[in-house]
Amino acid sequence: MGKRCLVWGALAVALLLIPTPALAKTELQDGITIWNEDYTVKADDAVEGDLVVFNGSAILERNSRVEGSVVVWNGNADVAGTIENDLVVTNGTIDLDEDAWVRGNMVCTMNCSVERAPGARVDGTVTEGLALPGLRGFPMERFRSAAPSI
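One point on numbering: in the numbering used here, the residue at position 109 of the sequence shown is 111, and numbering is uninterrupted.
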């Protein structure tokens, strides 16, 4: 019984480690999810729904639009277009061009930095560092650490 569980467990892990091109880019009605590569929204193009990038960067060229939120884990967000909802980056850099417009909140956590050109617009709140409820005013930026790469 124990040996059978070990074999099935090893098989499951092996299947998860096999690179599959279909897993690199998944387009759903709710948006786009990208694994281990960068994704560019070209000028005058739009993404319906959210754009989520793991281990890569999200690049929004001038006059591009994401109709949902943009979430980047272990990568950068280079924004010169419009994000209709929130922008969240963990373990990376947010670079807002002068034409960038984030219509929701912007969150930059865990080893993240923000570069914001004059004219860049964020309509919601801007959170930098690790925000923990109940610790208002506590400088969490001193405790930034690199998130492990997947």
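For every residue, glycine included, the Cβ atom is placed at its ideal position computed from N, Cα and C.
Identified DSSP bridge partners for residue i
{"i": "residue 130", "result": "110"}
{"i": "residue 105", "result": "Looking at the DSSP assignment, residue 105 forms no beta bridge with any residue, so it has no partner."}
Backbone secondary structure at residue i - three-state DSSP
{"i": "residue 52", "result": "strand"}
{"i": "residue 118", "result": "strand"}
{"i": "residue 99", "result": "coil"}
{"i": "residue 45", "result": "coil"}
{"i": "residue 67", "result": "strand"}
{"i": "residue 83", "result": "coil"}
{"i": "residue 58", "result": "coil"}
{"i": "residue 33", "result": "strand"}
CB-CB length for residue i against residue j, believed under 8 angstroms
{"i": "residue 55", "j": "residue 36", "result": "5 angstroms"}
Closer than 8 angstroms to chain B by CB, residue i
{"i": "residue 120", "result": "You won't find chain B in this structure, because it holds only one protein chain."}
Pairwise C-alpha distance: residue j and residue i
{"i": "residue 44", "j": "residue 95", "result": "20 angstroms"}
{"i": "residue 128", "j": "residue 51", "result": "22 angstroms"}
{"i": "residue 83", "j": "residue 104", "result": "8 angstroms"}
{"i": "residue 39", "j": "residue 120", "result": "29 angstroms"}
{"i": "residue 89", "j": "residue 117", "result": "14 angstroms"}
{"i": "residue 93", "j": "residue 112", "result": "5 angstroms"}
{"i": "residue 123", "j": "residue 110", "result": "15 angstroms"}
{"i": "residue 114", "j": "residue 97", "result": "11 angstroms"}
{"i": "residue 78", "j": "residue 64", "result": "16 angstroms"}
{"i": "residue 107", "j": "residue 42", "result": "21 angstroms"}
{"i": "residue 125", "j": "residue 60", "result": "20 angstroms"}
{"i": "residue 62", "j": "residue 99", "result": "10 angstroms"}
{"i": "residue 72", "j": "residue 86", "result": "9 angstroms"}
{"i": "residue 81", "j": "residue 66", "result": "9 angstroms"}
{"i": "residue 91", "j": "residue 75", "result": "6 angstroms"}
{"i": "residue 70", "j": "residue 102", "result": "15 angstroms"}
{"i": "residue 131", "j": "residue 34", "result": "26 angstroms"}
{"i": "residue 46", "j": "residue 68", "result": "11 angstroms"}
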